[in-house]
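Novice:
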Amino acid sequence: MAAFPPTTLERLRVFHTVASAGTLAGAARSLGYTPSAVSQHLTALEREAGVALVERSNRGVVLTAAGRRLAERASDVLDLVRVTFDDLATANVSSETVLSVAAFPTAISSMLLPLRDRLTPTIRLMIVDAEPAAALRALRSREVDCAITDGYSHELAPPDDDLHRIALRAEPIRLIARADRPMRRSLAAYADAPWVLGGPRSRLGFAALEACRAAGFVPRVIAETDDHHITFDVIRAAGAVALLPELALTNLPAEIAVVPRVDVRLERLIEFVTRRPLRSSAAISALAVLLTAAG
4 MAAFPPTTLE RLRVFHTVAS AGTLAGAARS LGYTPSAVSQ HLTALEREAG
54 VALVERSNRG VVLTAAGRRL AERASDVLDL VRVTFDDLAT ANVSSETVLS
104 VAAFPTAISS MLLPLRDRLT PTIRLMIVDA EPAAALRALR SREVDCAITD
154 GYSHELAPPD DDLHRIALRA EPIRLIARAD RPMRRSLAAY ADAPWVLGGP
204 RSRLGFAALE ACRAAGFVPR VIAETDDHHI TFDVIRAAGA VALLPELALT
254 NLPAEIAVVP RVDVRLERLI EFVTRRPLRS SAAISALAVL LTAAG
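The opening position of the sequence shown corresponds to residue 4 in my numbering, with each subsequent residue numbered one higher.
1) Please name the residue in ARG71, LEU118, ASP183, GLU13 whose C-alpha comes closest to that of ALA240.
2) Is the separation between the beta-carbon of ARG119 and that of LEU293 shorter than 7 Å?
3) Please classify GLU299: is it buried, with 16 or more other beta-carbons within 10 angstroms of its beta-carbon, or exposed?
4) Between the alpha carbons of PRO185 and LEU272, how many angstroms are there, rounded?
5) Under 7 Å between the Cβ atoms of ALA251 and THR109?
6) Please state whether the Cβ-Cβ distance between ILE287 and THR295 is less than 7 Å.
7) Helix, strand or coil: how does DSSP classify ALA47 here?
8) Have a look at ARG279 and GLU13 and give me their C-alpha separation to the nearest angstrom.
9) Going by beta-carbon coordinates alone, are THR125 and THR100 separated by less than 7 Å?
10) What residue does the alpha helix (DSSP H) around ILE233 start on, and which one ends it?
11) How many whole angstroms separate the CB atoms of THR136 and LEU142, which I take to be in contact at a CB cut-off of 8 Å?
12) If you count every other CB in all the chains shown that lies within 10 Å of the CB of MET129, and 16 or more means buried, which is it?
Quick look at the structure:
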C-alpha cells in the first residue's frame, strides 16, 4: 500500500491562502496567524512535498510550477472536505451549515433576502456585498462559497474552467423617464434628451453608451452616477432619461415611468457561481434550486 501524504489539511489551507494573497503577511492577516506561523507551515509543507513551492522576495512570494499545481489541487481537496462536512450537517438537524454568498446590492435585496426563510433551518446565509469582479476574486480565494454575478453582452467572456455557473435570468435593460414626458418607442427618438449614465468606470454606463451608439447617437450626458436614487432625482429635476436593469426598478418613484416597448438591444445575464467541487454540496444545491426557481 502506498504511503499517505504526510501533510495536514491546515497546511494546505495556509498554502492556498498564501497563493491567493501573494504575500506571507497578507495570508497571515486573512488567517489570523502571525507571518512567522505562516512561514513555518509553508516550510513544513515544502519539506513534506520535497520540492520548492514558492520563490520568496521582498515583494512577496511567487509560486513555482509545482506550487501552482498544488494550489489548484489544494483548493479542490479543501472544497471536497467542506462538501462532506456540509452534507453531514445538512443531514443532522442539530447542526448548521453557513454559506457565504457574495452578491451585488440589488441581487441581495431582490433575490437573496426573500429566500432566507425558505432555506431549511440547517442552512444559514452569510451575505457579502460585492460587485461581480470582487465577488469572483473572493470566490477564487476561498473567502466566500458562492456568488451572484452579472454581465452585459459586450463583456461576457467564455466560462472559467475552475468555476461552475448557473444562469438565473437574462434581465432586460429598461429606458426610464419622467412620467409626464411623451413616450416614444425608438431609442433613437431620445437622442436629444438629457441623459444620466453610470460613472466613467461603470459597467452599466459603458453598456448603455454602447446601446445608444448602436441606435445611431451619442447621448448628451448631464450626470454620471451609479446610485439609482441619484438617477431618479436627476430624472425628476431635469427631465432626463436613463437605462437601468429591471432589478433596480422594484421601487420606482411614482413620478418616473418605464417607457414601454422601446427597442433597447441590451440585457444583463445574472449567474449563480461556485467553485466546481462545491456544486455537489447539498446546501449550495438547495440555494441554487431556490434562486433558479425564483429567476
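Just so you know, even glycine gets a beta-carbon here, dropped at the ideal spot from N, CA and C. Computed from a predicted model, the values in this text were never measured in an experiment.
Specialist: Concretely, from the data shown:
1) Position 237 of the sequence shown, counted from the first residue, corresponds to residue 240. The candidate whose alpha carbon is nearest that of ALA240 is ASP183.
2) Here residue 119 corresponds to residue number 116 of the sequence shown, with the count starting at 1. Here residue 293 corresponds to residue number 290 of the sequence shown, with the count starting at 1. Against a cut-off of 7 Å, the Cβ pair of LEU293 and ARG119 comes out as no contact.
3) As shown, the chain starts at 4 and ends at 298. That puts residue 299 outside it, with no answer to give.
4) Position 182 of the sequence shown, counted from the start, is the residue given in the question as residue 185. Position 269 of the sequence shown, counted from the start, is the residue given in the question as residue 272. PRO185 and LEU272: Cα-Cα distance of roughly 30 Å.
5) Along the sequence shown, read from residue 1 onward, the residue named residue 251 stands at position 248. Along the sequence shown, read from residue 1 onward, the residue named residue 109 stands at position 106. With contacts defined by Cβ atoms closer than 7 Å, ALA251 and THR109 form a contacting pair.
6) Start at 1 with the first residue of the sequence shown, and residue 287 comes out as number 284. Start at 1 with the first residue of the sequence shown, and residue 295 comes out as number 292. Cβ atoms of ILE287 and THR295: not closer than 7 Å.
7) Within the sequence shown, residue 47 is the residue found at index 44, counting from 1. Of the three classes helix, strand and coil, the one that applies to ALA47 here is helix, per DSSP.
8) Counting from one through the sequence shown, the residue named residue 279 turns up at place 276. Counting from one through the sequence shown, the residue named residue 13 turns up at place 10. Their backbone Cα atoms lie some 21 Å apart in a straight line.
9) On the sequence shown, residue 125 is found 122 positions in, with the first residue counted as 1. On the sequence shown, residue 100 is found 97 positions in, with the first residue counted as 1. Yes, Cβ-Cβ distance for THR125 and THR100 is below 7 Å.
10) To locate residue 233, count along the sequence shown from 1; it is residue 230. Looking at the DSSP string, the run of the alpha helix (DSSP H) that includes ILE233 is 231 to 241.
11) Within the sequence shown, residue 136 is the residue found at index 133, counting from 1. Within the sequence shown, residue 142 is the residue found at index 139, counting from 1. Reading off the sequence shown, one finds Ala at residue 136, where the question assumed Thr. Contact doesn't hold; Cβ gap of about 11 Å is too wide.
12) Sequence index remark: in the sequence shown, residue 129 carries index 126 (1-based). So MET129 ends up on the exposed side.
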